[in-house]
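Novice: Just so it is clear: in the sequence shown, position 146 is 816 by this note's numbering, and no numbers are missing.
All C-beta atoms, glycine included, are put in the ideal place defined by N, C-alpha and C.
Sending over a structure as C-alpha cells; questions will come in a sec.
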Amino acid sequence: MVIVGASLDRVPFSGIIRIRDMMYSVPNPFRLDQGDVSFDVPATAKAAMTRAIEENQTHYLQTTGIPRLRNLIAARLRERNGIVEADPEHILVANGGIHALYCVCQAILEPGDEVIIPDPAWPPAAGNIVAAGGVPVGCPLHESIGWRYDFDELERLITPRTRVLYVNSPNNPTGGVLTRGDLERIAAIARAHDLWIIADEAYEDVVFDGEHVTMASLPGLYDRTISLHTFSKTYAMTGLRLGYVAIQNPVLRERAKKVLFYSTSNVASVVQYGGIGALEGSQACVDEFRQELRERRDLFYNAVAGASSGVFSGRPPAGAFYAFLRIDRRLADQLCPPSGEPSLSWRVAEYMIKSARIGCVPGVDFGANGEGYLRFCFARSRAELTGALESMKALLAGKPAS
Ligand SMILES: Cc1ncc(COP(=O)(O)O)c(C=O)c1O
C-alpha cells in the first residue's frame, strides 16, 4: 500500500520519547528526564472531581469549557496575571497546554509562515508549528545573560514570512526568566513588524528569582497576544490534562474553537470540575510547591558539580524546574569516548542512563543551541534527587580527573 500526502512525516517526535523508551529498560531508574512534579493534586481539586462523578456530571459540554470554569479563569487572568480586559468569552479550555498550542498553531498559521521560537525550546513548540505547516526559526537564548535574548539577533531573524513570536518565560529547558524590559522589547518588535505573540506561561507560578510578568498584561498588547496557560505545573495536574488560552481576536478565536471541537469536542467533564476545585480552593499549595521546588533546586545545585567531578556545571535557574547543565567536553570524552553518536549531549545522556540509571534529556533535543548541555528535572522527590546524585557520584568520583 503506497502512503501519499505525508506532510505529517515532516513533524518530528521529541527525543524525550526515545529517552523514555530507553528508561523502561533501566532497573530502578531515577526519572529526572520527565518534566513532571512529584506533588499530589490539591485536595480541593480531588474533592471536586469526586463530587462531579457522584453527581453524574459526565455528559457532553460546551466546546470552549464549562462557563463556571471560564469565569474563574478569566478572573484569574485579570487579578493574578494583570490582563485587565480578560473576559470569559475569550477563554478556550483545552486538554493541557500542548493541546492549547496545537489549536492556536492550527488557527493562526498558513503554510510557510515563520514562527520565531527560543533556541533551546520545549520540543512540542516546533512540532506543533510544523504540524500546522509553519516553519520554526530558532533564536538563541544566551547562558551568559541568564538564558535571555540578544534582541538585535532576534530582529535580524524577522523576514516577510514571519508571523508569530512564540515566547516562553520561564523557559523550558533553561529556566531563564525574561524581565519586564525584555517583554517590552518583544512587544515593540511585534508592533513594529505587525506580528502575533504566543506567550506560553506554563511555568508562571515557578519563579524563584525576579518576577513573572504576563506578556498580555503589557499596555495595549492583549489584542495581538495569545496567552497560554496550564494547570499541569501550578496544580500538579499533569496527567489530568487541563490547559487554556485567552484569545481576544474573535476571528482567530472562532478558528481555534473549530480545531478544539474537531480534536476533542469538549475536555473531559470531570477534569474541568477538578480545575474549578483547584481555582476555587486555597492557593496556598502554589506557594508551598514553589518553596519546595526552590529547596530541591538548591539541593541539586549544591551537590551536582561535586557529584559529577566537574563534568556538569551551571547556575541555578531563575524559574521552572530544570537544571540545564553544561557538559565539560574534555572530561566527557574521557568518560565516554566519541563513538558512532555524533552528538555530545546524546552520547553523555546515554552514558548517564545506562551507567548511572539517571534519566536526563540531551540538550540538542531542544534545539541546536542546546547542544553540549543536559536537562535534569529537579521537581522529582528529594529521595529520587539524592539517589540520582549518589549514583552520579559513585560513577564519576575521581574518574574524569584521571
Ligand atoms: C514550555 C511548556 N509549555 C507547555 C507545556 C504544556 O504542558 P501540558 O500539556 O501538560 O499542559 C509544557 C509541559 O512540559 C512546557 O514545558
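(1) I need the straight-line Cα distance from Leu910 to Ser902, nearest angstrom please.
(2) Going by C-alpha distance, which of Ala1038, Leu1044, Gly1037 is nearest Arg1017?
(3) Pick out every residue whose C-beta is nearer than 6 Å to a heavy atom of ligand 1: which are they, in chain order?
(4) Please classify Asn842: is it buried, with 16 or more other beta-carbons within 10 angstroms of its beta-carbon, or exposed?
(5) Per DSSP, what are the beta-bridge partners of Ile896 in this structure?
(6) Give me the DSSP bridge partner(s) of Ser708.
(7) Any chance you could list the alpha helix (DSSP H) runs of at least 4 consecutive residues sitting entirely within the segment 983 to 1026, in chain order?
(8) Can you list, in chain order, the residues of its chain whose CB lies under 8 Å from that of Ser1072, leaving out five sequence neighbours each side?
(9) Whole angstroms are fine: how far does the CA of Cys1047 sit from the CA of Tyr1021?
(10) What residues in its chain sit with their C-beta under 6 Å from that of Arg833, if we drop five residues either side in the sequence?
(11) Start and end of the beta strand (DSSP E) containing Asn765?
(12) My guess is that Cys775 and Ala801 are in contact by the Cβ rule of under 8 Å, so how many angstroms apart are they, rounded?
(13) Over what stretch of residues does the alpha helix (DSSP H) that includes Phe970 continue unbroken?
(14) Check the C-beta distance from Arg701 over to Arg996 and give it rounded, since I have them as a contact under 8 Å.
(15) Grouping DSSP H, G and I as helix and E and B as strand, with all else coil, what is Val1034?
(16) Between Ile896 and the rest of its own chain, which residues show a CB-CB distance below 6 Å, the 5 nearest in sequence each way excluded?
(17) Just checking, does the segment 925 to 932 make contact with the segment 787 to 801 on the three C-beta pairs under 8 Å criterion?
(18) State the start and end residues of the unbroken beta strand (DSSP E) segment that holds Ala906.
(19) Name the two residues that bound the continuous alpha helix (DSSP H) containing Leu779.
(20) Tell me, please, whether the segment 1019 to 1038 touches the segment 954 to 962 by the rule of three or more beta-carbon pairs shorter than 8 Å.
(21) Measure the beta-carbon distance from Val696 to Ile946 and round it to whole angstroms, keeping in mind my assumption that it falls under 8 Å.
Specialist: On the basis of the supplied data:
(1) Note on geometry: alpha-carbon atoms of Leu910 and Ser902 lie some 8 Å from one another.
(2) Leu1044
(3) Gly705, Gly766, Gly767, Ile768, Trp792, Asn838, Asn842, Asp870, Ala872, Thr900, Ser902, Thr908, Gly913
(4) buried
(5) Ile868
(6) None; Ser708 has no bridge partner.
(7) Every unbroken stretch of the alpha helix (DSSP H) spanning 4 or more residues and falling wholly within the segment 983 to 1026 is given here in chain order: 999 to 1005, 1014 to 1026.
(8) Residue placement at Ser1072 is poorly supported in this model, since its pLDDT is 48, which falls under 50; the coordinates are not used for a value here.
(9) 17 Å
(10) Once the five neighbours on either side are set aside, the close Cβ partners of Arg833 are Asp783.
(11) Run containing Asn765: none; DSSP gives neither H nor E here.
(12) 7 Å
(13) 954 to 977
(14) Not really, about 22 Å apart at Cβ, beyond 8 Å.
(15) Here Val1034 sits in helix by DSSP.
(16) Val774, Ile868, Val915, Ile917
(17) Counting Cβ pairs under 8 Å, fewer than three are found: no touch.
(18) Neither: Ala906 is in no beta strand (DSSP E) and is coded neither H nor E.
(19) First-last for Leu779: undefined, no H or E at that position.
(20) Remark: fewer than three beta-carbon pairs, one from each stretch, lie closer than 8 Å, so the segment 1019 to 1038 and the segment 954 to 962 are not flagged as touching.
(21) Actually they do not touch by this definition, with Cβ atoms about 39 Å apart.
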